[in-house]
Amino acid sequence: GRFVGRVSKTLATLENGTIASRSHAWDLARVLEVSELVEHFASPERRRVVEAVLERFRSGVLPLAGELGRGVIHGDINELNLLVHPTEPKVTGLLDFGDILVSWQVNELAISMAYGMLKKEEPVEAAGHIAAGYAQEKPLSPAEWSALPTLVACRLAQSITIGNYSAIQDPANSEYLLTTQEPGWTALERLFRVPEQAVRSRWQEMAAGGT
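Going by UniProt numbering, the residue at position 169 of the sequence shown is 169; the numbering climbs one at a time, nothing skipped.
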């Protein structure tokens with residue numbers, strides 16, 4: 001979490017016209033675009049969950065858009081893109097800047113939290129530890145705290161929905177693509193079962209040192 005916070009602070013100072021003009025479907029601020037792909041889920045229940053997540057984004061995040069700070073973000077911080085010290089428990093570097101763009105800065109945290117939830121026994125708590133570390137380096141505004149639980153859910157939903165559509169488009173690779181989605185579904189369902197305010201309060205408590 002602290003590493004992500006440091007990355008976020010550093011990139012916030014970067015001004016680059018090429019990066020500023022970039023746009024792509026993985027921008028979390030554009031998550032509503034996946035609504036066009038929801039119909040491709042075979043499971044009505046999974047369609048319902050993703051649609052509910054997108055509705056939370058419409059009602060809870062979009063009204064805050066003007067209060068969410070913007071800046072350059074890496075856009076895909078996950079364990080596969082991190083360099084780790086061979087003998088010490090610390091992150092030493094970051095790879096793959098292919099998704100870099102200007103977006104809401106809190107998206108950097110939300111994306112790393114979403115991926116940090118995968119394959120964890122307590123995914124909501126795991127995400128909270130990332131938020132707590134990030135907040136030590138880059139404190140969140142009230143608007144960012146308000147949007148955070150929904151943004152984390154949105155990244156999981158975005159990844160799952162695009163992955164499901166990719167499996168349909170690439171039948172030869174569909175078994176692999178669908179299997180890799182299951183940890184995402186597990187994390188999303190666990191997160192979605194807990195009231196949003198309870199999730200937010202727990203993460204704020206952890207960030208305040210109440211872990």
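Built from N, CA and C at the ideal position, the CB exists for glycine as well.
Per DSSP, which one or two residues make a beta bridge with Gly-93? Beta-bridge annotation (DSSP): Gly-93 is paired with Leu-83.
I'd like to check one pair, Val-50 with Thr-161: are the Cβ atoms closer than 7 Å? Result yes, Cβ atoms of Thr-161 and Val-50 sit closer than 7 Å.
Selection from Leu-95, His-24, Arg-200 that minimises the alpha carbon distance to Gly-128: Checked all of Leu-95, His-24, Arg-200; the closest Cα to Gly-128 is Arg-200.
Please return the same chain residues whose Cβ sits closer than 8 Å to the Cβ of Leu-32, not counting the five positions on each side in sequence. Counting only Cβ-Cβ distances below 8 Å, and skipping sequence neighbours, we find Leu-54, Phe-57, Arg-58.
Check the DSSP bridge columns for Arg-70 and list the partner residues they point to. Residue pairing by DSSP puts Arg-70 in a beta bridge opposite Trp-104.
Cβ pair Ala-187, Leu-118 closer than 7 Å: Cβ atoms of Ala-187 and Leu-118: closer than 7 Å.
Tell whether a beta-carbon distance below 7 Å holds between Gln-136 and Arg-2. Yes, Cβ-Cβ distance for Gln-136 and Arg-2 is below 7 Å.
Let me check understanding here. Comparing Cα to Cα, which of Asn-81, Ile-168, Pro-89, Arg-193 lies closest to Ala-42? Of Asn-81, Ile-168, Pro-89, Arg-193, the residue nearest in Cα terms is Ile-168.
How would you call Gly-5, buried or exposed, if buried means at least 16 neighbouring beta carbons within 10 angstroms? Buried, by the Cβ-count rule.
With C-beta atoms as the reference, is Gly-184 less than 7 Å away from Ser-159? Contact: yes.
Straight-line CA distance for Ala-126 to Leu-191? Their backbone Cα atoms lie some 11 Å apart in a straight line.
What do you get for Gln-105, buried or exposed, if any count of 16 or more other CB atoms within 10 angstroms of its CB means buried? It counts as buried.
Just mark Pro-63 as buried or exposed, buried being the case when its beta carbon has 16 or more other beta carbons within 10 Å. It counts as exposed.
If we require 4 or more residues per run, which alpha helix (DSSP H) segments fall completely within the region 110-160? Segments of the alpha helix (DSSP H) lying fully in the region 110-160: 123-137.
Smallest Cα separation from His-24: which of Leu-177, Leu-156, Ile-100, Tyr-115? Considering only alpha carbons, the answer is Ile-100.
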